[in-house]
Amino acid sequence: MNVECFFYFCTCLTESSKMEYLIQNITIVNEGKTFEGNVFISGGTIAKIIPTGEAFDARRITVIDGRGKYLIPGVIDEHVHFREPGMTAKADMRSESRAAVAGGVTSFMEMPNTVPQTTTQALLQDKFDLAAEKSLANYSFYLGATNDNLNEVTATDPARVCGIKLFMGSSTGNMLVDRNTALEALFKESPCLIAAHCEDEEIIRQNTQHYKELVKEGSVLPTAALHPLVRTAEACYRSSAKAVELAAKTGARLHVMHVSTQQELSLFRNNISLHDKKITAETCPHYLLFDDTDYDKLGFAIKCNPAIKTAKDRQALREALQDGRIDTIGSDHAPHLIPEKFTDDYFTAKSGFPSVQHTLPMMMELGLDMAKIVQLMCHNPAILYQIDRRGFIREGYHADLVIVDPHAEHQITPEELFYKCVWTPYLGQTVHAQVTHTFVNGNLVFEDGEIHDEWRGERLRFNRR
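Counting from 1 along the sequence shown, just add 618 to a position and that's the residue number in this note's numbering.
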């Protein structure tokens, strides 16, 4: 038996062994509609969507009563750092995929700034192999762009890889691409979506040196409040504008990640269908929930790149969710160990924090309509990345589904965390919703606080030529 036949045999065997479930009496939120109904899961797919009142034989099927709860498509988190390989003291694919499914994330796309950096096709395949062994959620990985790896970029299969990650500003792992010739070649020749971290490096360097001198002379304290003064709104806008200009010039497919400023929003359109957009934008819950006054209370816990900025920026980003200038929500989950995060020095405290388990409940704290949250976190990533048969509750689609109790008010405690680093800036906050069940490919991987470790996710496929 050749390898392809063996893989097909194993897939068929796995599918035939999947349990069947009927989720009944639940409020389904999907494609802009909210309605009561039932969903039958069989063979790893959504086999039937059954309106309330329609008879269905549920014998020999595991029934889950969803009364008073929402059923939504699995969240697709396009922006995580799971730290494997090379930084597994902080996190790894097993630990963070467990946190993901506990938060209703059924598919993730992971960044290349690991050790070694994922900048070759061989290293990219190594990550896919690790995920096949360890991940409870579905997965894909970005290939990292450098000043010198265009041949690796152009070798990327757009049907099997989520995209190319471009750091136009240095961050954890320092994968900065700063040569204009390299940038122009990347935008012209990338075979798939470019996901860009946009901050102007020269502005950041100048500001860093300026505040180091002020700290040295004792006129400024090295606190977290320096962060938006070093990584300024102007640094974000200048870099994002350059990326948008390059994309418009070359016709490249550009997705600007973690937009954090009001000024940047002028670069994005809201008068065009997402299916037709070539330049799109993501933001993260922390830019919608916090502002620069929160550094006094939370300190380095909310230090991240780009920096959290003003209340005016926060309000503008919230408005952009509603009018379509912001297309998706990503967690930018980026765990660090407590000793390297909580130092007494702004210049050494690491940027980034764990959040993938809490992205969905924290978004629900914003008071958005549930259909809008589903659009931003489930439908739009599926459309934007052209993911095969995920992101919607449709018959024949993979059964990536999440049950959410919108009335489960509770305080976030250390005991509920699945993060390997065992902290998050959301500790102690009261939220009003909780994920109770998560299905990945029809497998119940999370149920009422318990992980079912026996299942593994699948590699994402993309409907691109």
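Think of the CB as a built atom: it goes at the ideal place given N, C-alpha and C, for glycine as much as any other residue.
Q | Ranges of the alpha helix (DSSP H) found wholly within the segment 701-737, counting only runs of at least 4 | A | Within the segment 701-737, the alpha helix (DSSP H) runs of at least 4 residues that lie entirely inside it are, in chain order, 711-720.
Q) Start and end of the beta strand (DSSP E) containing H815? A) Taking the first residue of the sequence shown as 1, we reach residue 815 at position 197. From DSSP, the beta strand (DSSP E) with H815 extends over I812 to H815.
Q) So is V723 buried or exposed if we call it buried at 16+ other beta carbons inside 10 Å? A) Reading the sequence shown from its first residue, position 105 is the one you call residue 723. Label assigned to V723: buried.
Q. What is the C-beta distance between M786 and A861, in whole angstroms, given that I count them as a contact (C-beta under 8 angstroms)?
A. Stepping through the sequence shown from its first residue, residue 786 is reached at position 168. Stepping through the sequence shown from its first residue, residue 861 is reached at position 243. Yes, they are in contact, since the Cβ atoms of M786 and A861 sit about 6 angstroms apart, within 8 angstroms.
Q. In whole angstroms, what is the alpha-carbon distance linking D987 and L689?
A. Taking the sequence shown and counting its residues from 1, the one referred to as residue 987 is at position 369. Taking the sequence shown and counting its residues from 1, the one referred to as residue 689 is at position 71. Rounded to the nearest angstrom, the two C-alpha atoms are 14 angstroms apart.
Q) Between A755, D747, D695 and R712, which lies nearest to M729 when the distance is taken from Cα to Cα? A) To locate residue 729, count along the sequence shown from 1; it is residue 111. M729 has its Cα closest to that of D695, out of A755, D747, D695 and R712.
Q: Taking 8 angstroms as the cut-off, decide whether the C-beta atoms of G721 and L978 are in contact.
A: Here residue 721 is taken as the residue at index 103 of the sequence shown, counted from 1. Here residue 978 is taken as the residue at index 360 of the sequence shown, counted from 1. Yes; because the gap between Cβ atoms is below 8 angstroms, this pair is in contact.
Q. From D1006, L1045 and F1010, pick the residue whose C-alpha is nearest to that of P776; which is it?
A. Along the sequence shown, read from residue 1 onward, the residue named residue 776 stands at position 158. Cα-wise, what sits closest to P776 is D1006.
Q: Per DSSP, which residues does G671 bridge with? Please list them.
A: In the sequence shown, counting from the first residue as 1, residue 671 sits at position 53. G671 is not bridged to any residue.
Q.
Looking at E1033: is its Cβ nearer than 8 angstroms to the Cβ of T1048?
A. Counting from 1 along the sequence shown, the entry for residue 1033 is found at position 415. Counting from 1 along the sequence shown, the entry for residue 1048 is found at position 430. Contact flag unset, no.
Q: For M1086, count neighbouring Cβ atoms within 10 angstroms of its own Cβ and tell me buried if that reaches 16, exposed if not.
A: Limits of the chain in this structure are 619 at one end and 1083 at the other, which puts residue 1086 out of reach.
Q) For P1032, which of helix, strand or coil comes out of DSSP? A) Sequence index remark: in the sequence shown, residue 1032 carries index 414 (1-based). Here P1032 sits in helix by DSSP.
Q.
Please list the terminal residues of the continuous alpha helix (DSSP H) segment that includes A938.
A. The sequence position of residue 938 within the sequence shown is 320, counting from 1. Run containing A938: A929 to D941, per the alpha helix (DSSP H) assignment.
**Q.** N- and C-terminal bounds of the alpha helix (DSSP H) containing H828
**A.** By 1-based counting over the sequence shown, the position of residue 828 is 210. Residues E819 to E835.
Q: Leaving out five residues on either side along the sequence, give the residues of the same chain with a beta carbon under 6 angstroms from the beta carbon of L1081.
A: As a working mapping, residue 1081 is identified with position 463 in the sequence shown. The question names Leu, but residue 1081 is Asn in the sequence shown. Result list for N1081: Q1004 and D1006, in chain order.
Q: Please confirm if I641 has its CB atom under 8 angstroms from at least one CB of chain D.
A: Any reference to chain D falls outside this structure, which holds one protein chain only.
Q: Following the continuous alpha helix (DSSP H) through D744, name the residue where it begins and the one where it ends.
A: Start at 1 with the first residue of the sequence shown, and residue 744 comes out as number 126. Residues Q739 to K752.
Q | DSSP-derived helix/strand/coil call for F1080 | A | Here the question's residue 1080 lines up with position 462 in the sequence shown. It is a strand residue.
Q. Which residue comes first and which comes last in the alpha helix (DSSP H) that contains A676?
A. Your numbering for residue 676 matches position 58 in the sequence shown. Taken as a continuous stretch (DSSP letters only), A676 belongs to no alpha helix (DSSP H), as it is neither H nor E.
Q: Assign F965 to one of three DSSP states: helix, strand, or coil.
A: Sequence index remark: in the sequence shown, residue 965 carries index 347 (1-based). F965: coil per DSSP, three-state reduction.
Q.
D914 and A929 - do their beta-carbons sit closer together than 8 angstroms?
A. Residue mapping note: residue 929 aligns to position 311 of the sequence shown, counting from 1. Residue mapping note: residue 914 aligns to position 296 of the sequence shown, counting from 1. Not closer than 8 angstroms, so no.
Q. Who are the near neighbours of G704 in its chain, counting only those whose CB is closer than 7 angstroms to its CB and skipping five residues on each side?
A. As a first step, residue 704 is located in the sequence shown; it is residue number 86 there, counting from the start. Only T732, V733 and P734 meet the Cβ criterion.
Q: With a cut-off of 8 angstroms on the beta carbons, I'd call T663 and Y1015 a contact; round off their distance for me.
A: Along the sequence shown, read from residue 1 onward, the residue named residue 663 stands at position 45. Along the sequence shown, read from residue 1 onward, the residue named residue 1015 stands at position 397. Indeed they touch by this definition, with Cβ atoms about 6 angstroms apart.
Q | Cβ neighbour criterion (16 or more within 10 Å) applied to Q933 | A | Here the question's residue 933 lines up with position 315 in the sequence shown. Flag for Q933 reads exposed.
Q | Which of helix, strand or coil DSSP assigns to F923 | A | If you number the sequence shown from 1, residue 923 lands on position 305. Looking at the sequence itself, residue 923 is Asn, so the reference to Phe does not match. DSSP places N923 in coil when its eight states are reduced to three.
Q: Assess, as a yes-or-no matter, whether the segment 857-877 is touched by the segment 823-837 under the definition of 3 or more beta carbon pairs within less than 8 angstroms.
A: Contact between the segment 823-837 and the segment 857-877 is absent: fewer than 3 CB-CB pairs across the two stretches fall below 8 angstroms.
Q.
Am I right that V1053 and W1073 are in contact with their C-beta atoms under 8 angstroms? What's the rounded C-beta distance?
A. Walking along the sequence shown from the start, residue 1053 turns up at place 435. Walking along the sequence shown from the start, residue 1073 turns up at place 455. Contact flag wrong, Cβ pair sits at about 16 angstroms.
**Q.** Contact set for D766: own chain, Cβ-Cβ below 6 angstroms, skip 5 residues either direction
**A.** As a position in the sequence shown, residue 766 is number 148, starting the count at 1. So no residue of the chain qualifies.
**Q.** Inter-residue spacing [alpha-carbon to alpha-carbon] between F726 and E1076
**A.** Sequence index remark: in the sequence shown, residue 726 carries index 108 (1-based). Sequence index remark: in the sequence shown, residue 1076 carries index 458 (1-based). Straight-line Cα distance between these residues: approximately 11 angstroms.
Q | Cβ-Cβ separation, N656 to I641 (assumed contact under 8 angstroms), whole Å | A | Against the sequence shown, residue 641 aligns to sequence position 23. Against the sequence shown, residue 656 aligns to sequence position 38. Sure, about 6 angstroms apart at Cβ, within 8 angstroms.
Q. So is I890 buried or exposed if we call it buried at 16+ other beta carbons inside 10 Å?
A. Taking the sequence shown and counting its residues from 1, the one referred to as residue 890 is at position 272. Exposed is the call here.
Q | Three-pair Cβ contact test at 8 angstroms for the segment 891-900 versus the segment 993-1003 | A | yes
Q | DSSP state of P972 mapped onto helix, strand, coil | A | Taking the sequence shown and counting its residues from 1, one reaches residue 972 at position 354. Three-state result, P972: coil.
**Q.** Residues of its chain near F625, where Cβ-Cβ distance is below 8 angstroms and the 5 sequence neighbours each way are ignored
**A.** What you label residue 625 is simply residue 7 of the sequence shown in a count that begins at 1. The predicted position of F625 is uncertain, since its pLDDT is 37 and thus under 50; a value taken from the coordinates is nonetheless stated next. The beta carbon of F625 lies closer than 8 angstroms to none in the same chain, with the five residues before and after it left out.
Q | Selection from C996, N756, V681 and T961 that minimises the alpha carbon distance to R712 | A | One-based indexing of the sequence shown puts residue 712 at position 94. Comparing Cα-Cα distances from R712 to each of C996, N756, V681 and T961, the minimum goes to N756.
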